[in-house]
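Reading through the C-alpha cells given below for one structure.
There are 2 protein chains.
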Amino acid sequence: MSKKNLKAVDLKRVKLISGLLAQKNKLVRKEVIPYQWQALNDELPDTEPSHAIENFRIAAGRSEGEFHGMVFQDSDVAKWLEAVAYQLTVNPDPELEKRADEVIDLIGEAQQDDGYLNTYFIVKEPEMKWKNLAECHELYCAGHLIEAAVAYYKATGKDKLLKIMQKNADLIDSIFGLEADKLKGYPGHQEIELALIKLFNVTGEERYRDLAKYFIDQRGQEPFYFEKEWEERGKVNHWPDFKQNTEREYYQAHAPVREQNAAAGHAVRALYMYSGMADTARVSGDQSLIEACRRLWSNTTKKQMYITGGTGSTVHGEAFTIDYDLPNDTAYTETCAAVALVFFAQRMLHLEKKGEYADVMERALYNGALSGMSEDGRRFFYVNPLEVKPEVAKNRNDHRHVKTVRQKWFGCACCPPNLARLLTSIGSYIYSQNEEELYVNLYSDSQAKVEFGGQEIEIIQNTNYPWEEEVEIELKAEQAAEFTLALRIPGWCRKAALQLNGKNINITEHLEDGYLRLKRSWQNDKLKLILKMPVEKVYANPEIKEDLNKAALQRGPIVYTFEEVDNGKNLAALTFAREAKLKAEFEKDLLGGVTTIKTRAKKVDSLGWEGDLYSTQKPGSREVEVKAVPYYSWNNRGEGEMAVWLNSN
Amino acid sequence: MSKKNLKAVDLKRVKLISGLLAQKNKLVRKEVIPYQWQALNDELPDTEPSHAIENFRIAAGRSEGEFHGMVFQDSDVAKWLEAVAYQLTVNPDPELEKRADEVIDLIGEAQQDDGYLNTYFIVKEPEMKWKNLAECHELYCAGHLIEAAVAYYKATGKDKLLKIMQKNADLIDSIFGLEADKLKGYPGHQEIELALIKLFNVTGEERYRDLAKYFIDQRGQEPFYFEKEWEERGKVNHWPDFKQNTEREYYQAHAPVREQNAAAGHAVRALYMYSGMADTARVSGDQSLIEACRRLWSNTTKKQMYITGGTGSTVHGEAFTIDYDLPNDTAYTETCAAVALVFFAQRMLHLEKKGEYADVMERALYNGALSGMSEDGRRFFYVNPLEVKPEVAKNRNDHRHVKTVRQKWFGCACCPPNLARLLTSIGSYIYSQNEEELYVNLYSDSQAKVEFGGQEIEIIQNTNYPWEEEVEIELKAEQAAEFTLALRIPGWCRKAALQLNGKNINITEHLEDGYLRLKRSWQNDKLKLILKMPVEKVYANPEIKEDLNKAALQRGPIVYTFEEVDNGKNLAALTFAREAKLKAEFEKDLLGGVTTIKTRAKKVDSLGWEGDLYSTQKPGSREVEVKAVPYYSWNNRGEGEMAVWLNSN
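Protein chains in written order, with the UniProt record's numbering: chain A, 1 to 649; chain B, 1 to 649.
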C-alpha cells in the first residue's frame with residue numbers, strides 16, 4: 001500500500017450533527033436496529049419468524065430444535081452486530097453493548113472446536129460442510145461476521161468476536177488454497193474477500209490478505225468449481241429450483257477476474273467482489289488487478305448504472321445484463337447493490353484520488369440506497385425501480401419482483417441490515433486522508449478530528465447540504481499543520497465558488513481530478529464553499545432506449561421523481577413544458593423535510609378515448625403543474641404511480 | 001339460427017386469382033403443406049422429430065415403439081389434414097388426396113373399438129384417459145380432428161374421417177355431461193366447442209350442438225374441475241413445472257362464461273372459446289350468451305389488442321393481462337391468437353352484421369397472423385412482438401420468448417399449421433350471405449359464385465388490394481336476382497366512393513354498420529369501389545403507456561414497421577419529423593412485392609456520449625430519411641431491430 005493511498009477517516013472521529021444523513025443515521029439507531037433485533041428474535045407480529053438468534057442458541061446447545069430460515073441466516077445477525085458496532089462507535093449505549101456482548105458470547109458458544117462457525121451446517125447438515133459453496137454461503141456468512149468483529153473491536157476495543165473470527169478465518173485458510181490437500185473453492189456469494197482485508201488491516205496478519213487474494217484469483221479458473229462440487233455431491237441442490245450450477249457468469253466466474261471487462265452476473269456479488277479486488281489491489285499494489293478494477297468500474301458506472309446509482313437491470317439472477325440495458329419498470333436495482341456500489345466507490349477512491357468515484361458514491365447513497373427505507377424506518381424496499389404503475393406491477397409476471405409498497409421484512413432480509421450498516425457508518429465516508437492530504441468527499445453538517453504530523457485538527461462542516469448549496473468549513477488546531485485540504489467539487493456542480501478566510505479562491509487553478517486542492521499551513525481557518533445547485537434536466541445516453549426523449553430532474557446529488565399523489569394517474573402522459581421554470585422549494589413538513597421541485601408539463605388527455613384503442617386523431621393535451629420529490633422519498637404517502645423520467649422534447 | 005344470420009360463402013365457391021392473399025395461399029400450398037408433411041414424418045433435417053405420424057402408426061399397430069412428442073401431437077396431423085382439405089377444395093390434387101386418404105385410413109386403424117382416439121393415451125398411458133383434461137388435451141385433439149373431418153368431407157365428399165370423428169364425438173358425448181354417471185369436465189384447451197358446431201352444421205345431429213353448449217356452460221362452475229381431477233389423480237402433473245391446476249383464470253374458468261366481462265387467461269384458449277360461444281349463440285339464439293360474446297369481444301378488441309390484431313400481452317400463461325397493458329417488446333401475441341381472433345371475428349360477424357367485426361378480422365389477418373410466416377414459407381414466428389432489439393431479446397430473460405429470427409419448426413408446432421389452415425381457407429372469409437344479402441367482407445382479386453333464389457351469380461373482384469385502393473366488382477347472372485349487396489367500407493377508410501354501372505352512389509345514404517348496402521335486382525352489373533388509403537399516422541389510446549407520444553403508420557389494412565436494415569440501429573431514437581410527407585410506393589421486387597412508406601425523421605445522435613450515461617447536455621439530433629415496410633413482412637432480410645411505433649410529437 002502506497003503512503004499516498006487514502007484511507008477513511010475513522011468513524012470514531014466523525015460526528016454527524018444535523019441534516020439528511022444525520023437524520024437517516026438517527027433513524028437507523030432509533031428504529032431500524034431495535035426493529036431488526038425484534039426480527040432476529042422473532043418478535044415482529046405478522047412477519048415470518050427469522051429464527052436467526054434461535055439458530056445460534058441451538059448451535060450453542062442452549063436450546064433444542066431445528067434450524068429455520070435461509071441457509072445464510074447467520075449473516076442477519078452479523079449485519080445487526082456490525083450496525084450496532086458502528087452505532088456504539090459514536091453513540092455509547094451500555095445496554096445495547098451488553099446485548100451485543102451477549103450475542104457475541106452466544107456466537108462463541110456456537111463455534112466448534114476447530115473454529116467452524118455456521119449454524120445451518122452445525123445444526124442441520126454437518127456432513128455437508130464446504131460441499132456447496134455455490135448455494136450455501138458459509139464463506140459469505142463468515143465474511144459478514146468478520147466485518148462485524150472488526151467493527152466491534154474498533155468500536156469497543158473488545159476482541160472476543162475478533163478472536164472468534166480469526167479462529168474461523170484460520171480454519172478457512174487451512175481448508176482453501178492452491179496446495180494439494182486444500183479445496184480449490186471460492187465463495188458462491190462474494191463478501192469474505194473484503195472482510196479478510198479488513199481483518200488484515202486490523203490484525204496485520206498477512207495470511208488474511210493472501211487468502212482474500214487467493215479467493216479473488218481462483219475465481220474463473222477451470223475446471224469450474226461450482227459445477228465440479230455439484231457433480232461431486234451427486235448433483236443435489238440446496239434450492240430445488242436453483243439452476244445456476246453451470247452458469248459461470250452469475251458468479252463472476254466466466255473468466256479470471258483480471259480478464260473481466262464488463263460487470264456481469266448477480267449485481268451484489270459482483271460489486272462485493274470488485275470491492276474486494278480494489279481492497280486487495282490497494283494493499284498489494286497489484287497493477288493488473290488495479291487495471292481490472294478500473295475496467296469493471298468504468299463498465300459498471302458508464303454503461304450499466306441507473307441515474308439513481310442502482311444496478312442490476314434484471315430480476316433473473318438479480319443481475320447485470322448488457323451495456324445500456326436499463327429498463328425503468330422492470331429494474332431490479334436491489335438496495336444492497338446500491339450499498340455495494342458505495343463500498344466499491346469508496347475503495348476505488350482509496351485506490352486513486354478521483355472525484356468520479358466520490359460522485360458515484362454520493363449518487364448511490366442519496367438515491368438508490370436511501371430509497372430502500374421508508375421515512376419511519378420500518379418498511380423496506382429490496383427492489384428499487386425507476387417507474388412503477390401499480391396495476392401493471394401487480395398483474396404482470398415479469399414485474400413480480402417489483403413491490404408497490406415497502407415491505408415490513410423479507411424472508412431473505414439482506415437489504416434492511418445492509419442499509420443499516422451503511423448508514424450507521426456513514427460518517428466514515430465523509431473524509432479520507434493520507435499523511436499529507438485530507439479529502440472531503442461528502443458534505444454534511446458534522447464535526448471531525450483528524451491528525452497531521454501529530455497535530456490534531458478539528459474540522460467542522462456547517463451546512464444544510466444537500467438541500468442548500470453553501471458549506472461552511474472551519475478548521476481549528478492548537479498549532480498549525482501543513483497538509484493539502486482537498487474539497488470535492490461534485491461532478492454535478494457546474495459552478496462552484498470558494499472563499500478562504502474571506503478571500504476568493506480561483507477554483508480552476510486548484511482543481512485536480514474533481515477535487516479542489518489547497519496545500520498550506522492550516523490552523524484556524526474558515527472556508528465558505530458554494531456548490532451551485534440549480535435544478536437541472538438530465539438526459540440519458542441515447543443508447544438507453546427507455547430514456548430516449550426523456551429527462552429526469554436532479555438538484556445537487558438528489559435525483560427526483562414524480563408520484564401519483566402529487567400528479568395524478570398516468571405519469572407516462574406527462575411531457576415537460578418546454579420553457580417552464582423548475583422551481584425548488586424546501587418543504588420542511590413534507591417527507592421529513594425535503595426540497596421539492598415544481599414545474600409545468602403537458603399532459604396527454606385520455607378524454608373521449610374510452611371506446612377506442614387506436615385512432616388517426618392525435619390525442620389532445622393540456623398544461624398542468626407537476627411536482628417532483630426526491631427519489632429516495634417516494635412511496636411514503638401510499639401506493640401509486642411513480643416515474644423518474646418524463647417525456648421531454 | 002335466424003335466417004337473417006349470415007354464413008360464410010363456401011370455400012368451394014371462391015377462387016383467389018392474384019394479389020397478396022392469393023400469393024400467401026399459394027405459398028402454403030406449395031411450401032408449407034409439403035414442409036409440414038416432412039415435419040410430421042420426421043424428414044426435416046436439423047429439426048427435432050415430430051413423430052406425429054409414427055404415433056398413429058404405433059397406435060394402429062402398424063409399428064412398434066414409444067409415443068414421442070407433445071401430448072397433443074395428434075393435433076398437428078389434424079391441422080395438416082384440415083389445411084389439405086381446404087387446398088383440395090379449390091385445387092384438386094389426386095396425389096395429395098391419396099396421401100390424405102392414407103392418413104385417414106391410418107387414423108381409422110388407430111381408433112379403438114369404443115371410438116376412443118388419441119395416440120398418446122392409446123400408446124403410453126391408457127389408464128389415464130380423461131383423467132387430466134387440464135393438461136393433456138384429448139378434447140382439443142378431438143376438436144382438431146373433427147374440424148379436419150368436416151373440411152375433408154366438404155372438400156371431397158368422402159365421409160370416412162367424418163364417421164370416425166362422429167364415433168369419437170359420440171364417445172365423448174357418452175362420457176361428459178351433467179348426468180350423474182358422466183364426468184363434469186371440459187377441455188383444458190378449448191377447441192372442440194367450435195368443432196362440434198361444425199359437426200352439427202354438417203350432420204344436423206343436435207347432440208353435437210348440445211355437447212358444445214355443455215362444455216361452454218360447464219366451464220367456470222364450482223367445484224373447479226381441474227383442481228378436483230388433479231386431486232383425484234393424486235396431484236400428479238403431466239408437465240412437472242406446470243403449476244396452473246388452481247389457476248382458474250388461465251382456463252377461463254374463473255366464472256361461468258356468461259358472467260365473464262374481460263378477456264382473461266391463455267389467449268388462444270380464450271379466443272377459441274369465444275368463437276365456440278359465438279357459434280353456439282348463433283345456432284341457439286341464446287341471448288345471454290350473445291351478450292357475453294359482445295362483452296368479451298369489446299374487451300378483447302377495445303382494451304387488450306395490439307394494433308396488429310395480436311393479443312396476449314404476456315408470456316406468463318401466454319395470456320391476456322389487464323386493460324391497456326400492451327408492451328411492445330415483451331408482447332406474446334402468438335400467431336395462433338391472431339388466427340383465433342380471425343375465427344372469433346368471423347363468427348361475431350355471422351352473429352350480427354357489423355363492420356367492426358370484419359375490421360378486426362382484416363387487421364388480425366394482414367398483420368398479426370401473416371407475420372407468423374416468412375416470405376419463403378419455411379420459417380415461422382410463434383411470438384410476434386411489435387418492437388425488437390436483438391441484443392436485448394437475447395440477453396434479457398423476460399424477453400426469452402421473443403425470437404429474433406423466424407424458426408424452422410417448433411416442439412410445440414401449433415402456429416405454422418394453424419396459419420396454414422387459415423390461409424388455405426381464406427377464400428371462405430371473403431363473402432358471407434343469407435337468403436337476402438351478400439356481404440363482401442374482404443377485398444381480394446377473386447372469382448366467386450353465389451346463389452340467390454336459385455339463381456347463380458358470379459361475382460368477380462378485380463383489384464390489387466391491399467396495395468391499391470380501387471376494387472372493381474362485376475356481377476354476372478343469367479337471370480336477374482334481387483338481393484342486397486353489402487360492401488364493407490373499412491373502419492380505416494375515411495373516404496370511399498362507389499360507382500354502379502358508371503353512376504355515383506351516395507355512400508352515406510347507404511351505409512349501415514360499416515357496410516354499404518345496395519338492395520336491387522342484380523344481373524350484369526359493374527361496380528367500382530374506391531377506398532382511399534392515404535398513409536396515416538395512428539395514435540394509441542393514452543392509457544397505453546408504451547405508445548404514448550408515439551405513432552404508427554398504417555395504409556389501408558396494412559400496419560407498417562421500421563427495420564434496422566432500412567433505418568440503421570437504435571430505432572427508438574427516431575421521431576417522425578413534424579411536417580414530413582408520408583410517401584407510399586409499391587416496390588415489386590421487395591419482400592414479394594409490397595408498398596413501402598418513406599418519410600423523414602429526427603434521429604437522436606449518440607455521438608460524443610461514449611463515456612457518459614447521463615448529462616445535462618441534451619443530445620443533438622439530425623434529420624434522416626426513414627422507410628417502413630408492412631409489419632407482416634419484417635425479418636425477411638436478416639436479424640435486426642424492428643419497431644412499429646416511433647416517437648411523434
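For every residue, glycine included, the Cβ atom is placed at its ideal position computed from N, Cα and C.
So, under 8 Å CB-CB, His350 of chain B and Leu6 of chain B are touching, yes? Tell me the CB distance rounded to an integer number of Å.
The residue you call residue 350 of chain B lines up with position 350 of the second sequence. The residue you call residue 6 of chain B lines up with position 6 of the second sequence. Correct: roughly 5 Å between the Cβ atoms.
Please list the terminal residues of the continuous beta strand (DSSP E) segment that includes Pro630 of chain A.
Translated into positions along the first sequence, residue 630 of chain A becomes position 630. Residues 621 to 630.
So what's Met273 of chain B in DSSP terms, helix, strand or just coil?
Here the question's residue 273 of chain B lines up with position 273 in the second sequence. Residue state, collapsed to three classes: helix.
Any beta carbon of chain A sitting closer than 9 Å to that of residue 650 of chain B?
No answer is possible for residue 650 of chain B: it lies beyond the span of chain B, which begins at 1 and ends at 649.
With a threshold of 6 Å on Cβ separation, who are the neighbours of Ala278 of chain A within its own chain once the five nearest residues in sequence on each side are excluded?
Translated into positions along the first sequence, residue 278 of chain A becomes position 278. Closer than 6 Å at the Cβ level, and outside the excluded window around Ala278 of chain A, lie Cys293, Arg347, Met348, Leu351.
Quick one: does Pro619 of chain B have its CB under 9 Å from some CB of chain A?
Indexing the second sequence from 1 puts residue 619 of chain B at position 619. So, interface residue.
Pairing CB atoms from the region 196 to 203 of chain B with CB atoms from the region 156 to 175 of chain B, are three or more of them under 8 Å?
Yes: at least three Cβ pairs fall under 8 Å.
Shortest alpha-carbon distance to Lys537 of chain A belongs to which of A:Leu487, A:Asn647, A:Lys545?
Position 537 of the first sequence, counted from the first residue, corresponds to residue 537 of chain A. For the residues A:Leu487, A:Asn647, A:Lys545, the minimum Cα distance to Lys537 of chain A belongs to A:Asn647.
Taking CB distances under 9 Å as the criterion, tell me whether Asp74 of chain B reaches chain A.
Walking along the second sequence from the start, residue 74 of chain B turns up at place 74. Cβ-Cβ to chain A under 9 Å: no for Asp74 of chain B.
Name the chain B residues that come within less than 7 Å of Val150 of chain A, Cβ to Cβ?
As a working mapping, residue 150 of chain A is identified with position 150 in the first sequence. Residues of chain B passing the Cβ test: none, with the nearest at roughly 34 Å.
Ends of the beta strand (DSSP E) at Asp525 of chain A?
The residue given as residue 525 of chain A occupies position 525 in the first sequence. Run containing Asp525 of chain A: 525 to 531, per the beta strand (DSSP E) assignment.
To the nearest whole angstrom, what separates the beta carbons of Glu82 of chain B and Ala180 of chain B, a pair I think is in contact under 8 Å?
Against the second sequence, residue 82 of chain B aligns to sequence position 82. Against the second sequence, residue 180 of chain B aligns to sequence position 180. Not quite, the Cβ-Cβ distance comes to about 36 Å (not below 8 Å), so this is no contact.
Got a sec? Which residues, its chain only, sit under 8 Å from Glu469 of chain B by beta carbon, not counting five neighbours each side?
For this step, residue 469 of chain B is matched to residue 469 along the second sequence. Same-chain partners within the cutoff: Ile530, Leu531, Lys532, Met533, Gly556.
Tell me where the beta strand (DSSP E) around Arg207 of chain A begins and ends.
Position 207 of the first sequence, counting from 1, holds the residue named residue 207 of chain A. Run containing Arg207 of chain A: none in the beta strand (DSSP E); it sits in the alpha helix (DSSP H), 206 to 218.
Leaving aside the five residues before and after Ser425 of chain A along the sequence, list all residues of the same chain whose C-beta is less than 7 Å from its C-beta, in chain order.
The sequence position of residue 425 of chain A within the first sequence is 425, counting from 1. For Ser425 of chain A, where only same-chain residues beyond five positions count, the Cβ hits under 7 Å are Leu11, Tyr86.
What three-state label does DSSP hand Met1 of chain A in the structure shown?
Locating residue 1 of chain A in the first sequence gives position 1, counting from the first residue. Low per-residue confidence applies at Met1 of chain A: pLDDT is 48, beneath 50, and the placement is therefore not dependable enough to give any value.
Tell me, please, which residues DSSP counts as bridged to Tyr431 of chain A.
In the first sequence, residue 431 of chain A corresponds to position 431, counting from 1. According to DSSP, Tyr431 of chain A bridges with A:Val440.
Residues in the same chain with beta-carbon distance under 8 Å from Asn384 of chain B, minus the five sequence neighbours each way, listed in chain order, please.
Against the second sequence, residue 384 of chain B aligns to sequence position 384. Excluding residues within five positions, the ones whose Cβ falls inside 8 Å are Thr308, Gly310, Ala331, Thr333, Glu334, Thr335, Ala338, Gly368, Ser371, Gly372.
In whole angstroms, give me the CA-to-CA distance for Arg177 of chain B and Ala267 of chain B.
By 1-based counting over the second sequence, the position of residue 177 of chain B is 177. By 1-based counting over the second sequence, the position of residue 267 of chain B is 267. A small fix is needed here, since residue 177 of chain B is Gly in this sequence, not Arg. About 26 Å.
Threshold first: 4 residues or longer. Then list the alpha helix (DSSP H) segments lying entirely within the region 357 to 420 of chain A, N to C.
Those alpha helix (DSSP H) runs which fall completely within the region 357 to 420 of chain A and span 4+ residues are 390 to 395.
Look at the alpha carbon of Lys15 of chain B and the alpha carbon of Lys476 of chain B, and state the distance between them as a whole number of angstroms.
Residue 15 of chain B sits at position 15 when you count from the first residue of the second sequence. Residue 476 of chain B sits at position 476 when you count from the first residue of the second sequence. Between Lys15 of chain B and Lys476 of chain B, the C-alpha separation is close to 15 Å.
For Gln287 of chain A, does the count of other Cβ atoms within 10 angstroms reach 16, so buried, or fall short, so exposed?
Numbered from its first residue, the first sequence carries residue 287 of chain A at position 287. So Gln287 of chain A counts as exposed.
Where do the N-terminal and C-terminal ends of the beta strand (DSSP E) with Gln554 of chain B fall, by residue?
Taking the second sequence and counting its residues from 1, one reaches residue 554 of chain B at position 554. Start and end: 550 to 555.
Could you have a look at Arg637 of chain A and say whether DSSP puts it in helix, strand or coil?
For this step, residue 637 of chain A is matched to residue 637 along the first sequence. Three-state result, Arg637 of chain A: coil.
Per DSSP, what kind of secondary structure is Thr300 of chain A in: helix, strand or coil?
One-based indexing of the first sequence puts residue 300 of chain A at position 300. Note: Thr300 of chain A maps to helix in three-state DSSP.
Is the beta carbon of residue 666 of chain A sitting closer than 9 Å to the one on Arg637 of chain A?
With chain A covering only 1 through 649, there is no way to say anything about residue 666 of chain A.
Using 9 Å as the threshold, is the C-beta distance between residue 688 of chain B and Leu386 of chain B below it?
As shown, chain B starts at 1 and ends at 649. That puts residue 688 of chain B outside it, with no answer to give.
When the distance is taken between beta carbons, is Gly640 of chain A closer than 9 Å to Glu564 of chain A?
Here residue 564 of chain A is taken as the residue at index 564 of the first sequence, counted from 1. Here residue 640 of chain A is taken as the residue at index 640 of the first sequence, counted from 1. Yes. Within cutoff.
Between the beta-carbon of Glu109 of chain A and the beta-carbon of Thr156 of chain A, is there less than 9 Å?
For the purposes of this step, residue 109 of chain A is identified with residue 109 of the first sequence, where counting begins at 1. For the purposes of this step, residue 156 of chain A is identified with residue 156 of the first sequence, where counting begins at 1. Cβ distance not < 9 Å, so Glu109 of chain A and Thr156 of chain A don't count as in contact.
How about Arg269 of chain A: is its C-beta nearer than 9 Å to some C-beta of chain B?
Position 269 of the first sequence, counting from 1, holds the residue named residue 269 of chain A. No, Arg269 of chain A lies away from the interface with chain B (no Cβ there is under 9 Å from its Cβ).
For Lys614 of chain A, list the residues DSSP reports as bridge partners.
Numbered from its first residue, the first sequence carries residue 614 of chain A at position 614. Strictly speaking, residue 614 of chain A in this sequence is Tyr, with Lys absent from that position. In DSSP, Tyr614 of chain A forms a bridge with B:Ala540.
Cα-Cα, which of A:Arg520, A:Asn501, A:Gly502 is closest to His510 of chain A?
Mapped onto the first sequence, residue 510 of chain A falls at position 510. That would be A:Arg520, whose Cα lies nearest to the Cα of His510 of chain A.
For Arg396 of chain B, return the contacting residues in chain A, with the cut-off set at a CB-CB distance below 7 Å.
Counted from its first residue, the second sequence places residue 396 of chain B at position 396. Result: Thr314, Thr321, Asp325.
Report all residues from its chain with a CB closer than 7 Å to the CB of Gln36 of chain A; omit the five preceding and five following residues, and keep chain order.
For the purposes of this step, residue 36 of chain A is taken as the residue at position 36 of the first sequence. For Gln36 of chain A, where only same-chain residues beyond five positions count, the Cβ hits under 7 Å are Trp80, Pro416, Pro417, Ala420.
Taking DSSP as the reference, what is the three-state secondary structure of Lys235 of chain B?
Counted from its first residue, the second sequence places residue 235 of chain B at position 235. Lys235 of chain B falls in the coil class under three-state DSSP.
Which stretch, first to last residue, makes up the alpha helix (DSSP H) that contains Asn504 of chain B?
Indexing the second sequence from 1 puts residue 504 of chain B at position 504. That residue, Asn504 of chain B, is in no alpha helix (DSSP H); its beta strand (DSSP E) goes 503 to 505.
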